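These notes are about the structure you will find just below.
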Amino acid sequence: MFHYSNQDLYCENVPLADIARQAGTPAYVYSSAIILENYRAYDEALGALPHTVCYAVKANSSLGILALLAKAGAGFDIVSGGELYRVMRAGGDPAKVVFSGVGKTAGEVDYALESGIHMFNCESEPELALIDALAARRGVKAGFAIRVNPDVDASTHPYISTGLREHKFGIDIADAEAVYERARDLPNLTAEGVSCHIGSQLMDTNPILEATERVLALVERLRAKGFAIGQIDLGGGLGVAYQAHEQAPEIRGFVAQVRARLEGRGLRVTIEPGRSIVGRAGVLLTRVLYRKKSAEKEFVVVDAAMNDLIRPSLYRSHHEIIPLRKTGRPEIVADVVGPVCETGDFLARGRNMANAAPGDYLAVETAGAYGFVQSSNYNSRPRAPEILVEGDTFRTIRARETYADLVRGEVK
Ligand SMILES: *Cc1c(COP(=O)(O)O)cnc(C)c1O
20 MFHYSNQDLY CENVPLADIA RQAGTPAYVY SSAIILENYR AYDEALGALP HTVCYAVKAN
80 SSLGILALLA KAGAGFDIVS GGELYRVMRA GGDPAKVVFS GVGKTAGEVD YALESGIHMF
140 NCESEPELAL IDALAARRGV KAGFAIRVNP DVDASTHPYI STGLREHKFG IDIADAEAVY
200 ERARDLPNLT AEGVSCHIGS QLMDTNPILE ATERVLALVE RLRAKGFAIG QIDLGGGLGV
260 AYQAHEQAPE IRGFVAQVRA RLEGRGLRVT IEPGRSIVGR AGVLLTRVLY RKKSAEKEFV
320 VVDAAMNDLI RPSLYRSHHE IIPLRKTGRP EIVADVVGPV CETGDFLARG RNMANAAPGD
380 YLAVETAGAY GFVQSSNYNS RPRAPEILVE GDTFRTIRAR ETYADLVRGE VK
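So for the sequence shown, this note's numbering puts the first residue at 20; every next one is plus one.
The following block contains the structure:
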């Protein structure tokens, strides 16, 4: 849905240069069609199996994106009270919300109980005790799943791998039965499910399938002990292609394999995809400010920086950078850098790319997930606007910040 027509790059039916001129740069642009297609791929492939696709809000939490998915019927996976607030502001149904995360505060748990979320994915015994106490105070029963750590290696970047014993996440699957047993003594909790999430940007789905097998075996052991486990949550984590030559797992094919393992077991399945729904739906538009050459290197200085998109600096991740208008000029090899005062401020290094001149626009691809949400005001740079394309039209779903926004809440 991002494609060239003649020499111009389009998002759906809108030339991206039109958006860049109207909204200015840097700016995030998202294709609603891609987001909906990816959501439906999960939803349709799960078919008749009872399921909820809970979009992982942290990947991209803009109200416009959440509203789009809520309207399509999505549930949501949240990791904070702020994300729950966003989901409800966007019109999401709290009854389809699962609350994950290793450090839920009492305030957040109470807010979630008050809102009537579907389930807590719990990561420690003290957390179970806290939820039980707060549920008692409200006179309600809270459903929970224990997020188990299945000890499988997701083979992804170490910062986003979560399923090994050494990681802070979840409860060791070997200890899980004992934890469920002890939780029987917590009268305001009901053990409803088992959950896991082994990491993000998984290009090989075998570890997820292996984790599924281990969680299913645990479900059977728990049932044998009298727990009425009716739900399984397999987390998110499917990778997307960041580089032109990469082959990402195909959503429908992957889900078919999961479904084959779950059919006929009397389980409702939740999956929590984030990146694979929004990642390829977004680009970051930027404009070339200067060209600069040192003895060693060629630099393309652009108006987007690490504060707008930190993934290259933080994870060394590769994002393709393509021109909004193709020219016949031969390619160059350059570093694409922003205005922030850090050597770590780069979007690409030693990249074969279009010979872009000052004033030309570029698109940083696959920026829809963990892009804007990780942006900051570092160097007192107002955060970029977010624009949603729907067919022939586009609208701003988050305005560019102003200088006044930069000091909001501050006193001198
Ligand atoms: C981050 C996260 C997800 C989403 O991961 P993606 O790689 O974006 O699909 C799902 N579940 C939990 C618990 C998470 O922390």
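The C-beta atom is built at its ideal place from N, Cα and C for all residues, glycine as well.
Since this is a predicted model, take the numbers as computed values, not measurements.
Quick one, are the C-beta atoms of residue i and residue j less than 9 Å apart?
| i | j | result |
| --- | --- | --- |
| ILE435 | VAL167 | The chain is shown only over 20 to 431; residue 435 falls outside these bounds and no answer can be derived. |
| ILE165 | VAL198 | yes |
| GLU405 | SER81 | yes |
| VAL356 | VAL320 | yes |
| GLU211 | PHE273 | no |
| SER399 | LEU425 | yes |
| ALA60 | ILE270 | yes |
| VAL234 | LEU208 | no |
| ASP364 | GLU317 | no |
| PHE413 | CYS141 | no |
| LEU183 | ASP194 | no |
| TYR397 | ARG330 | no |
Residue i: which of the options sits nearest, CA to CA?
| i | options | result |
| --- | --- | --- |
| CYS360 | MET325, THR385, GLY378 and GLU384 | MET325 |
| ASP112 | ALA125, ILE97, GLY66 and ARG294 | ILE97 |
| PRO358 | LEU68, ALA243 and ASP327 | ASP327 |
| GLY298 | ILE54, ASN25 and SER24 | ILE54 |
| PHE95 | ILE84, GLY83 and VAL72 | VAL72 |
| ASN371 | ALA386, ARG348, GLY378 and VAL392 | ARG348 |
| THR346 | ASP27, LEU147, HIS22 and GLU291 | ASP27 |
| ALA93 | GLY293, ASN25 and ASP223 | GLY293 |
DSSP three-state label for residue i, please.
| i | result |
| --- | --- |
| VAL171 | coil |
| ARG402 | coil |
| ILE416 | strand |
| PRO331 | helix |
| TYR23 | strand |
| SER50 | strand |
| MET107 | helix |
| VAL288 | strand |
| LEU253 | coil |
| GLY301 | strand |
| VAL128 | helix |
Please list, in chain order, all residues of the same chain as residue i whose beta carbon is under 6 Å from its beta carbon, the five residues on each side excluded.
| i | result |
| --- | --- |
| THR175 | GLY218, GLN220 and LEU221 |
| GLY110 | ALA86 and ALA89 |
| GLU265 | none |
Near residue i, what residues of its chain come up, given a Cβ to Cβ distance below 7 Å and the 5 sequence neighbours on each side ignored?
| i | result |
| --- | --- |
| MET107 | PRO113 and SER134 |
| ASP411 | ASN32 and VAL33 |
| ASN375 | Position check: residue 375 holds Ala in this sequence, whereas Asn was assumed. So the list reads VAL307, VAL319, PRO342 and LEU381, once near-sequence residues are dropped. |
Here's a check: name, in chain order, each residue in its chain whose Cβ is nearer than 8 Å to the Cβ of residue i, leaving out the five neighbours to either side.
| i | result |
| --- | --- |
| SER313 | none |
| PRO401 | ARG419, GLU420, THR421, TYR422, ASP424 and LEU425 |
| ALA155 | PRO206 and ASN207 |
Every unbroken alpha helix (DSSP H) within the region 152-226, with a cutoff of 4 residues, ordered by chain: Within the region 152-226, the complete alpha helix (DSSP H) runs of at least 4 residues are 192-202.
Every unbroken beta strand (DSSP E) within the region 350-409, with a cutoff of 3 residues, ordered by chain: Listed in chain order, the complete beta strand (DSSP E) runs (minimum 3 residues) inside the region 350-409 are 351-356, 365-372, 380-383 and 405-409.
Which whole runs of the beta strand (DSSP E) in the region 53-96 are 3 residues long or more, in chain order? The region 53-96 contains, as complete beta strand (DSSP E) runs of 3+ residues, the segments 70-75 (chain order).
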